[in-house]
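What follows is a single structure, written as structure tokens, with notes after it.
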Ligand SMILES: Cc1cc2nc3c(=O)[nH]c(=O)nc-3n(C[C@H](O)[C@H](O)[C@H](O)COP(=O)(O)O)c2cc1C
Ligand code: SF4
Ligand code: FES
């Protein structure tokens with residue numbers, strides 16, 4: 001364990017410049033692929049590698065690429081999703097800031113494989129300095145002949161453009177992102193048709209996450225067959241995990257998939273344990289949209305197996321006792337965290353970010369926020385807890401895009417695992433009526 | 001963005017809209033990035049620059065100007081400007097302080113940071129100081145949760161905040177206001 005392939009060279013001085021990156025062997029996969037491989041051969045390596053989308057859903061990248069309509073006479077587009085707005089997730093920012101040329105190299109390889117001659121990077125508007133870094137990296141790469149017309153004399157032409165969002169979580173959803181890229185509100189589209197058939201400007205389009213596209217470089221460098229050997233089972237390769245919350249060493253870590261959660265959480269190499277010597281209370285392992293795990297289910301699954309950082313192990317137990325790897329946003333709560341307040345906070349987030357197109361999401365997120373606030377501020381009623389469960393169930397699966405599910409799961413899972421804490425709020429209004437009772441859980445001694 | 005469901009009357013103030021030749025050239029370069037006939041795609045990047053050049057918020061006249069430049073209906077610009085939180089329709093201070101309020105920051109003291117700023121400036125979340133210098137706005141996750149609590153001043157990150165650091169920052173802003181003409185990071189310089 002501990003193998004690094006995305007962040008391996010991150011500390012080499014000058015790796016964030018074209019020459020520094022090139023001196024470390026950068027762009028050699030582009031030279032090889034464009035000169036001696038057919039586009040389909042690149043896609044085939046990606047398929048063999050077993051790489052799964054790093055944006056959240058974990059869909060196999062090679063399979064996604066194979067769906068792209070190659071018969072259409074329209075241009076084909078690759079769009080890089082650098083919206084990074086899932087609470088708890090800040091890995092793409094790190095990668096783009098520290099090793100921007102790795103992403104550019106991955107984009108050239110992927111664009112070549114997909115036959116895209118115009119590729120966009122959609123960056124959230126709040127990352128303005130990242131936009132500057134990417135613009136500079138693109139223009140340097142272009143000057144050196146790896147972008148533009150007739151790259152390296154191979155006849156393949158590619159332009160990469162940065163496009164900025166403007167503050168809307170929903171634009172991370174791929175079809176909302178495409179709408180936004182077309183200069184519209186970020187309202188997700190009804191699928192099908194999928195972007196692979198009708199995406200940007202109605203043309204066949206692939207949308208992939210920053211980390212996914214950067215991973216294409218090591219895959220081509222070592223070959224899909226080698227990449228498969230890294231990781232565990234169907235969770236191949238490495239994953240960037242952004243760890244935050246009440247831990248000693250918050251930050252971005254590259255882990256080999258399959259690393260035990262216990263090691264990730266407690267070893268000094270990674271999170272370094274809970275801050276201020278406190279007890280662990282809960283972890284949201286894959287960005288705010290995935291179910292929360294109580295301390296008892298973080299390091300072990302319900303059946304007592306060690307829990308691993310992999311797509312399968314984190315999901316072990318389904319929604320009853322498991323969660324998801326998601327985007328790799330690992331949020332740690334210590335014993336002082338109030339789960340009611342945190343759940344209310346996240347419900348407010350989803351309500352604020354709902355695009356408002358479908359009523360279950362638009363109305364449901366608003367009601368969940370209201371009811372949670374009522375409980376949190378000491379005005380809750382016993383039946384409110386079941387009301388929340390029922391609202392969540394009515395949103396889930398009944399919306400155009402997965403934001404509805406993403407809003408429902410945190411609420412449903414928090415109540416499933418921390419019901420006593422919600423009941424305590426309802427039964428002890430005087431104790432909880434202070435709106436900032438962060439350390440409520442401690443004095444109430446529930447569910448540590 | 002979200003559910004800023006609101007009825008808004010878009011009134012022109014009939015003040016002139018003018019951008020420098022350099023900025024107009026930026027606009028042209030941005031439009032040229034998108035395929036023929038897809039100039040509307042440049043709307044978000046152009047609005048960022050137009051807003052900054054207009055002093056931090058989008059007047060109706062400015063939006064109309066952008067609509068004409070992109071050959072779209074004014075309403076197509078209004079509906080975008082009202083959807084995205086970074087576009088501001090009200091007058092905004094020279095410094096816009098956006099404080100992250102989402103859970104990962106909140107459990108690391110983010111709520112106290114917001115409180116401190118509001119009480120030091122004597123404003124509520126969303127308001128601008130009487131001298132027009134600073135607007136405070138709580139926002140959702142800024143994608144920097146590992147260095148919580150986090151805020152941005154005109155999209156420049158300030159991370160690993162403490163109450164002391166915030167006090168210092170506010171003092172610095174007031175000091176800089178006298179010497180600095182604009183915020184530090186300019187959209188137009190970042191693009192192209
Ligand atoms: C509400 C919502 C927000 C999302 N936000 C992001 C995001 O910020 N970044 C991202 O890469 N994917 C995000 N996704 C996932 C994308 O829709 C899409 O699945 C992903 O970009 C595909 O890339 P991948 O296959 O490489 O993971 C989001 C999905 C939803 C439903
Ligand atoms: S689920 Fe929510 S965010 Fe997604 S389309 Fe419906 S209203 Fe919009
Ligand atoms: S929660 Fe504050 S930056 Fe993510």
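Residue numbers (our numbering), protein chains in the order written: chain A, 1 to 448; chain B, 1 to 192. Glycine residues also receive a C-beta, built at the ideal position from the N, C-alpha and C atoms.
**Message:** With H, G and I counted as helix, E and B as strand and the rest as coil, what does DSSP make of residue 20 of chain A?
**Reply:** The residue labelled residue 20 of chain A in the question sits at position 20 within the first chain. It is helical.
**Item:** Expected contact under 8 angstroms - CB spacing of residue 385 of chain A and residue 419 of chain A to nearest Å
**Value:** Working through the first chain from its first residue, we reach residue 385 of chain A at position 385. Working through the first chain from its first residue, we reach residue 419 of chain A at position 419. That belief holds up - the Cβ atoms of residue 385 of chain A and residue 419 of chain A are roughly 7 angstroms apart, short of 8 angstroms.
**Prompt:** With 16 as the cutoff for other CB atoms within 10 Å, does residue 149 of chain A come out buried or exposed?
**Reply:** Along the first chain, read from residue 1 onward, the residue named residue 149 of chain A stands at position 149. The residue in question, residue 149 of chain A, is exposed, as its Cβ has fewer than 16 Cβ neighbours within 10 Å.
**Request:** Check the Cβ of residue 407 of chain A against every Cβ in chain B and list those closer than 9 angstroms, keeping chain order.
**Result:** Start at 1 with the first residue of the first chain, and residue 407 of chain A comes out as number 407. Within 9 angstroms Cβ-Cβ: nothing; residue 407 of chain A doesn't reach chain B, min ~12 angstroms.
**Asked** Of all the options A/209, A/294 and A/377, which has the alpha carbon lying nearest to the alpha carbon of residue 56 of chain A?
**Response** By one-based count along the first chain, residue 56 of chain A stands at place 56. The residue with the shortest Cα to Cα distance from residue 56 of chain A is A/209.
**Prompt:** How would you call residue 9 of chain B, buried or exposed, if buried means at least 16 neighbouring beta carbons within 10 angstroms?
**Reply:** Translated into positions along the second chain, residue 9 of chain B becomes position 9. So residue 9 of chain B ends up on the exposed side.
**Buried or exposed (CB count within 10 angstroms, at least 16 for buried), residue 11 of chain B** = By 1-based counting over the second chain, the position of residue 11 of chain B is 11. Result: exposed.
**Asked** Considering residue 239 of chain A, what are the terminal residues of the beta strand (DSSP E) in which it resides?
**Response** The residue labelled residue 239 of chain A in the question sits at position 239 within the first chain. Run containing residue 239 of chain A: 238 to 245, per the beta strand (DSSP E) assignment.
**Prompt:** Is any heavy atom of ligand 3 found at a distance shorter than 7 angstroms from the C-beta of residue 144 of chain B?
**Reply:** Counting from 1 along the second chain, the entry for residue 144 of chain B is found at position 144. Answer for residue 144 of chain B: yes, Cβ within range of ligand 3.
**Item:** Where residue 15 of chain B falls, given that 16 or more other Cβ within 10 Å makes a residue buried
**Value:** In the second chain, counting from the first residue as 1, residue 15 of chain B sits at position 15. Burial call: exposed.
**Prompt:** What residues from chain B crowd round residue 395 of chain A, counting only those whose CB sits closer than 7 angstroms?
**Reply:** Residue numbering aside, residue 395 of chain A sits at position 395 when the first chain is read from its first letter. Those do not exist, as residue 395 of chain A stays about 15 angstroms from chain B at its closest Cβ, beyond 7 angstroms.
**Request:** Kindly list the residues whose CB is nearer than 6 angstroms to the CB of residue 498 of chain A, restricted to its own chain and excluding five residues on each side of it in sequence; keep chain order.
**Result:** Nothing about residue 498 of chain A can be read from this structure; chain A reaches only from 1 to 448.
**Asked** residue 106 of chain B versus chain A: which residues are under 7 angstroms apart at the beta carbon?
**Response** Locating residue 106 of chain B in the second chain gives position 106, where the first residue counts as 1. Ordered by position in chain A, the residues that pass the 7 angstroms Cβ test against residue 106 of chain B are 345.
**Request:** Give the C-beta separation of residue 105 of chain B and residue 148 of chain B to the nearest angstrom, bearing in mind that I take them to be a contact with Cβ-Cβ under 8 angstroms.
**Result:** One-based indexing of the second chain puts residue 105 of chain B at position 105. One-based indexing of the second chain puts residue 148 of chain B at position 148. Sure, about 4 angstroms apart at Cβ, within 8 angstroms.
**Asked** What are the start and end residues of the beta strand (DSSP E) that includes residue 10 of chain B?
**Response** Against the second chain, residue 10 of chain B aligns to sequence position 10. It is not in any beta strand (DSSP E) - residue 10 of chain B carries neither H nor E in the DSSP assignment.
**Request:** Determine the extent of the alpha helix (DSSP H) in which residue 216 of chain A is found, giving its start and end residues.
**Result:** Translated into the one-based positions of the first chain, residue 216 of chain A becomes position 216. First-last of the alpha helix (DSSP H) with residue 216 of chain A: 210 to 222.
**Start and end residues, alpha helix (DSSP H) containing residue 364 of chain A** = Against the first chain, residue 364 of chain A aligns to sequence position 364. That run of the alpha helix (DSSP H) goes 359 to 376.
**Item:** Nearest-residue set for ligand 2, Cβ under 6 angstroms from any heavy atom
**Value:** A/170, A/188, A/354, A/355, A/356, A/357, A/358, A/361, A/362, A/399, A/400, A/401, A/403 and A/404
**Item:** Boundaries of the beta strand (DSSP E) in which residue 79 of chain B is found, first to last residue
**Value:** Start at 1 with the first residue of the second chain, and residue 79 of chain B comes out as number 79. Unbroken run through residue 79 of chain B is the alpha helix (DSSP H), 74 to 83; no beta strand (DSSP E).
**Prompt:** Which stretch, first to last residue, makes up the alpha helix (DSSP H) that contains residue 252 of chain A?
**Reply:** Residue numbering aside, residue 252 of chain A sits at position 252 when the first chain is read from its first letter. Taken as a continuous stretch (DSSP letters only), residue 252 of chain A belongs to no alpha helix (DSSP H), being part of the beta strand (DSSP E) at 251 to 256.
**Prompt:** Does the beta carbon of residue 54 of chain A fall short of 7 angstroms from some heavy atom of ligand 1?
**Reply:** The residue labelled residue 54 of chain A in the question sits at position 54 within the first chain. Checking every heavy atom of ligand 1 against the Cβ of residue 54 of chain A, one is found closer than 7 angstroms.
**Prompt:** Enumerated in chain order, which unbroken segments of the beta strand (DSSP E) with a length of 3 residues or greater are wholly contained in the stretch 94 to 131 of chain A?
**Reply:** 116 to 123
**Prompt:** Would you say residue 148 of chain B touches ligand 3, meaning its beta carbon is less than 7 angstroms from a heavy atom?
**Reply:** Locating residue 148 of chain B in the second chain gives position 148, where the first residue counts as 1. Yes.
**Request:** Report the residue from A/77, A/28 and A/169 whose alpha carbon sits nearest the alpha carbon of residue 84 of chain B.
**Result:** Position 84 of the second chain, counted from the start, is the residue given in the question as residue 84 of chain B. Nearest C-alpha to residue 84 of chain B: A/169.
**Prompt:** Can you find a C-beta in chain B that's less than 8 angstroms from the C-beta of residue 239 of chain A?
**Reply:** In the first chain, residue 239 of chain A corresponds to position 239, counting from 1. Not one chain B Cβ lies under 8 angstroms of residue 239 of chain A.
**Prompt:** Comparing the C-beta of residue 40 of chain B with each C-beta of chain A, is any distance below 8 angstroms?
**Reply:** Numbered from 1 along the second chain, position 40 holds the residue referred to as residue 40 of chain B. Yes, because at least one Cβ of chain A sits closer than 8 angstroms to the Cβ of residue 40 of chain B.
**Message:** Between residue 417 of chain A and residue 306 of chain A, how many whole angstroms is the CB-CB distance? I'm expecting something under 8 angstroms.
**Reply:** As a position in the first chain, residue 417 of chain A is number 417, starting the count at 1. As a position in the first chain, residue 306 of chain A is number 306, starting the count at 1. That belief does not hold up - the Cβ atoms of residue 417 of chain A and residue 306 of chain A are roughly 20 angstroms apart, past 8 angstroms.
**Message:** With a threshold of 8 angstroms between beta-carbons, can residue 353 of chain A be considered close to chain B, or not?
**Reply:** Numbered from its first residue, the first chain carries residue 353 of chain A at position 353. Answer yes: the Cβ-Cβ gap between residue 353 of chain A and chain B drops below 8 angstroms somewhere.
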